[in-house]
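Participant:
In our numbering, the protein residues as written are 23 to 260.
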């Protein structure tokens, strides 16, 4: 990953590495170019020259668009400006982006104030196209990372204290454990109505009655009620 190269630059400087990521910036300068590749860990710069890639490889570079996922193999070095980069010997197109990404651009005026262009800021569009939001807004992606870390820590704390992680039914013949309107469905084989659970509390209590000292579950619950940014019909609770 890009951060591994940056964190261990002294150890890998001059060595040949392979990196892959989404093309987020392309600065062409005649027969050379600098690319910014984004992977799950961050961004790293790739340096391309026609002399290194050859005619065919450089022709491929000219066909690249922002959003394409590409792979580079080459030597790790530091540019004159101090940027850790990879000097490409080979370039591979791994996946083509058929639609342009709304890449955020910033322009700084003489007073130092920054003006943002092409920001993917429409909330309705961001929530409907969350995958695009994750690509162009790193702070949103960080929320997902932190959520995963929090869940992992909660799970470890419960396990360290001897609690047992369980799974309780999502489809239930009788809903309960909370005062809420359920989603209703039908089981064809049994010819009976079933409900998506609104809470897992009652099944957890049955396990306590069965002799377990402590149980927990990361339960997906469903409530057929109003919704807002803070109240979703589908949610997770512990």
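All C-beta atoms, glycine included, are put in the ideal place defined by N, C-alpha and C. From a predicted model like this one, the values you see are computed outputs, not experimental measurements.
1. Skipping 5 residues on each side, what residues in its chain have a beta carbon closer than 8 angstroms to that of residue 142?
2. Beta carbon of residue 57, beta carbon of residue 68: below 8 angstroms?
3. Can you tell me which of the three DSSP states residue 119 falls into?
4. If we count Cβ pairs, one from each stretch, closer than 8 angstroms, do we get three or more for the stretch 220 to 235 versus the stretch 173 to 182?
5. Jot down the residue ranges of each uninterrupted beta strand (DSSP E) in the stretch 23 to 81, minimum 3 residues, whole runs only, in chain order.
6. Going residue by residue through the stretch 170 to 221, where are the continuous alpha helix (DSSP H) segments of at least 4 residues, counting only ones entirely within it?
7. Go ahead and label residue 203 buried or exposed: buried means 16 or more other beta carbons lie within 10 angstroms of its beta carbon, across all protein chains shown.
8. So what's residue 260 in DSSP terms, helix, strand or just coil?
9. Evaluate residue 212 with the Cβ neighbour count: other Cβ atoms within 10 Å of its Cβ, from every protein chain shown; 16 or more gives buried, anything less gives exposed.
10. I need the straight-line Cα distance from residue 117 to residue 208, nearest angstrom please.
11. Which one of 256, 254, 191 and 28 has the shortest CA to CA distance from residue 37?
12. Please name the residue, chosen from 237, 164 and 87, that lies closest to residue 189 on a Cα-to-Cα basis.
13. Just how far apart, CA to CA, sit residue 60 and residue 80?
14. How big is the Cα-Cα spacing for residue 75 and residue 164?
15. Can you tell me where the alpha helix (DSSP H) with residue 223 in it begins and where it stops?
16. Are residue 257 and residue 243 closer than 8 angstroms when you measure CB to CB?
17. For my contact list, residue 152 and residue 89 are in at a C-beta cut-off of 8 angstroms; report their separation, rounded to the angstrom.
18. Is residue 48 near residue 55, with beta carbons less than 8 angstroms apart?
19. In angstroms, rounded to a whole number, what distance separates the CA positions of residue 197 and residue 92?
20. Could you pull out every residue in the same chain whose Cβ sits closer than 6 angstroms to the Cβ of residue 96, ignoring the five residues on either side in sequence?
21. Label residue 121 either buried or exposed according to how many other C-beta atoms from any shown protein chain fall within 10 Å of its C-beta, with 16 as the threshold for buried.
22. Between 100, 103, 70 and 106, which lies nearest to residue 86 when the distance is taken from Cα to Cα?
23. On the three-state DSSP scale, how would you describe residue 102?
24. Could you tell me the boundaries of the alpha helix (DSSP H) in which residue 243 lies?
25. Span of the alpha helix (DSSP H) holding residue 146?
Facilitator: Straight from the coordinates:
1. Here the set comprises 124, 126, 148, 154, 155, 158 and 159.
2. A distance below 8 angstroms separates the beta carbons of residue 57 and residue 68.
3. Of the three classes helix, strand and coil, the one that applies to residue 119 here is coil, per DSSP.
4. No, the stretch 220 to 235 does not touch the stretch 173 to 182.
5. The DSSP assignment places 38 to 51, 54 to 61 and 64 to 71 as complete runs of the beta strand (DSSP E) inside the stretch 23 to 81, in order along the chain (cut-off: 3 residues).
6. Entirely contained in the stretch 170 to 221, not one alpha helix (DSSP H) run reaches 4 residues.
7. Exposed, because fewer than 16 other Cβ atoms sit within 10 Å of the Cβ of residue 203.
8. Coil, per DSSP.
9. Exposed, by the Cβ-count rule.
10. C-alpha separation (whole angstroms): 42 angstroms.
11. Comparing Cα positions, the closest option is 28.
12. It is 237 whose Cα lies nearest to the Cα of residue 189.
13. Rounded to whole angstroms, residue 60 and residue 80 show a C-alpha spacing of 20 angstroms.
14. Between residue 75 and residue 164, the C-alpha separation is close to 35 angstroms.
15. First-last of the alpha helix (DSSP H) with residue 223: 223 to 231.
16. Using a Cβ distance threshold of 8 angstroms, residue 257 and residue 243 count as a contacting pair.
17. The C-beta separation of residue 152 from residue 89 comes to about 16 angstroms, leaving the pair out of contact by the 8 angstroms criterion.
18. Residue 48 is a Cβ neighbour of residue 55, given a cutoff of 8 angstroms.
19. Going by C-alpha positions, residue 197 is about 50 angstroms away from residue 92.
20. Within the same chain, 108, 109, 110 and 111 come within 6 angstroms of residue 96 by CB-CB distance, once the 5 residues on both sides are set aside.
21. The residue is exposed, with fewer than 16 neighbouring Cβ atoms inside 10 Å.
22. The closest CA to that of residue 86, considering only 100, 103, 70 and 106, is found on 70.
23. Coil, per DSSP.
24. First-last for residue 243: 241 to 244, but that is the beta strand (DSSP E), not the alpha helix (DSSP H).
25. For residue 146, the enclosing alpha helix (DSSP H) stretches over residues 145 to 150.
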